[in-house]
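Peer 1: This is the structure, below, for whatever I ask next.
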Amino acid sequence: MSQMLSPDMTIAAEATAKAKIEVKNLNFYYGQSKALKDITLSLPERSVTAFIGPSGCGKSTLLRVFNRIYELYPKQTAEGQVLLDGQNVLDRSQDLNLLRTKIGMVFQKPTPFPMSIYENIAFGIRLYEKLNKSEMDGRVEQALKRAALWTEVKDKLDASGLSLSGGQQQRLCIARTVAVKPEVILLDEPASALDPLSTAKIEELIDELQADYTIVIVTHNMQQAARVSKQTAFMYLGELVEFDRTERIFTSPREKRTQDYITGRFG
20 MSQMLSPDMT IAAEATAKAK IEVKNLNFYY GQSKALKDIT LSLPERSVTA FIGPSGCGKS
80 TLLRVFNRIY ELYPKQTAEG QVLLDGQNVL DRSQDLNLLR TKIGMVFQKP TPFPMSIYEN
140 IAFGIRLYEK LNKSEMDGRV EQALKRAALW TEVKDKLDAS GLSLSGGQQQ RLCIARTVAV
200 KPEVILLDEP ASALDPLSTA KIEELIDELQ ADYTIVIVTH NMQQAARVSK QTAFMYLGEL
260 VEFDRTERIF TSPREKRTQD YITGRFG
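Below, the structure written as structure tokens:
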């Protein structure tokens, strides 16, 4: 089925918004199986875009294309273009380590390193920058503050990151991502394993971070998508079905499949 995307779907934010990521005719394969089918869309900078859709529709796969983390696994290939500020991240000459500092990722399950809270933050910074102790202390504190975690851990920075609660661990992972000064933050179901209070803290954090970062979130929770995002994309069976302002997606979608999904007729 060919896709006919209206101007509102290709740029879902205000007409004047600058595109941070532009996806053009993207196809993705797991071996011979086509998982993404001719995806084209533009994601505005310093804004939150949510991807919704049933399990297996391609949401998380698309996120993994943005920073080419799929290349860690065999027999996975992408075709087309993914432009970050006009530069194709799928170009084979791309420095993947540099790319993954520009496009950071936080996964569904918190993944703190088996080291201290301080070292969880400092580890990534050391890979790319040479800072003295005072400078590093400042960067660690700044990252933990950005992740709304500093007041909870400032007196136990030497404690293991694994000693934190699930919600704190996820915010530690966000702090670790922010610490290396990315331009884009990818969130793959970041609150699905958390309790309601921890989920609310993550959502508040997303709202604060969008002033400085382009944020892309995959979520099965449609209420969460409605709360945190400015634009929403609905995907189904590897296709981009509809992409528009979040309010419009949830109140007056153009496509019947979108309407059926958000009203619970399938998914």
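Residues 20 to 286, numbered by my numbering, are exactly what the sequence shown covers, in order. For every residue, glycine included, the Cβ atom is placed at its ideal position computed from N, Cα and C.
#1: So, for E258: in the same chain, excluding its five sequence neighbours on each side, which residues have a beta-carbon less than 6 Å away from its beta-carbon?
#2: What's the gap between the Cα of F269 and the Cα of A230?
#3: Please tell me whether V247 and A36 are closer than 9 Å, where the distance is taken between their beta carbons.
#4: So Y137 and L176 are supposed to be a Cβ contact under 8 Å. How far apart are they, rounded?
#5: Alpha carbon to alpha carbon, how far is S135 from D174? Give it in angstroms, no decimals.
#6: According to DSSP, what are the bridge partners of G123?
#7: Between L109, D279, T265 and I88, which lies nearest to G123 when the distance is taken from Cα to Cα?
#8: Considering only the alpha carbon of each residue, which of L163, L183 and K152 lies closest to L224?
#9: F262 bridges to which residues according to DSSP?
#10: Identify every residue that forms a DSSP beta bridge with I234.
#11: Which whole runs of the alpha helix (DSSP H) in the region 48-119 are 4 residues long or more, in chain order?
#12: Could you tell me whether the region 205-223 touches the region 89-97, where touching means 3 or more Cβ pairs closer than 8 Å?
#13: Between G72 and Y280, is the Cβ-Cβ spacing less than 9 Å?
#14: Roughly how many angstroms lie between the CA atoms of K200 and T282, to the nearest whole one?
#15: How big is the Cα-Cα spacing for D263 and I140?
#16: Quick one: what does DSSP say A244 is sitting in, helix, strand or coil?
#17: Quick one: using the 10 Å Cβ neighbour count with 16 as the cut-off for buried, is Q242 buried or exposed?
#18: Check for me: the alpha helix (DSSP H) holding M134 runs from which residue to which?
#19: On a CA-only basis, which of V67, L205, E98 and D114 is nearest S79? Give me that one, please.
#20: Using the three-state DSSP reduction, which class does E41 fall into: helix, strand or coil?
#21: With C-beta atoms as the reference, is L168 less than 9 Å away from A194?
#22: To the nearest angstrom, how far is the alpha carbon of V260 from that of N151?
#23: Tell me whether R158 sits in a helix, a strand or coil according to DSSP, three-state version.
#24: DSSP puts S179 in a beta bridge; with which residues?
#25: Kindly give me the distance between the Cβ atoms of T265 and K249, rounded to whole angstroms, as I take these residues to be in contact under 8 Å.
#26: F142 to K275, Cα distance in whole Å?
#27: Going by alpha carbons, who is nearest to R111 out of D104, G99 and K121?
Peer 2: Looking at the atomic coordinates:
#1: Contacts found: K56.
#2: 24 Å
#3: In this structure, the beta-carbon distance from V247 to A36 does not fall below 9 Å.
#4: Beta-carbon to beta-carbon, Y137 and L176 are separated by about 4 Å, close enough to satisfy the 8 Å threshold.
#5: Put simply, the backbone Cα of D174 is about 12 Å away from that of S135.
#6: I204
#7: I88
#8: For the residues L163, L183 and K152, the minimum Cα distance to L224 belongs to L163.
#9: A252
#10: V67 and I204
#11: 78-85
#12: no
#13: yes
#14: 39 Å
#15: 36 Å
#16: helix
#17: exposed
#18: Taken as a continuous stretch (DSSP letters only), M134 belongs to no alpha helix (DSSP H), as it is neither H nor E.
#19: L205
#20: strand
#21: yes
#22: 50 Å
#23: Helix.
#24: Note: S179 sits in a beta bridge opposite S135.
#25: 6 Å
#26: 48 Å
#27: G99
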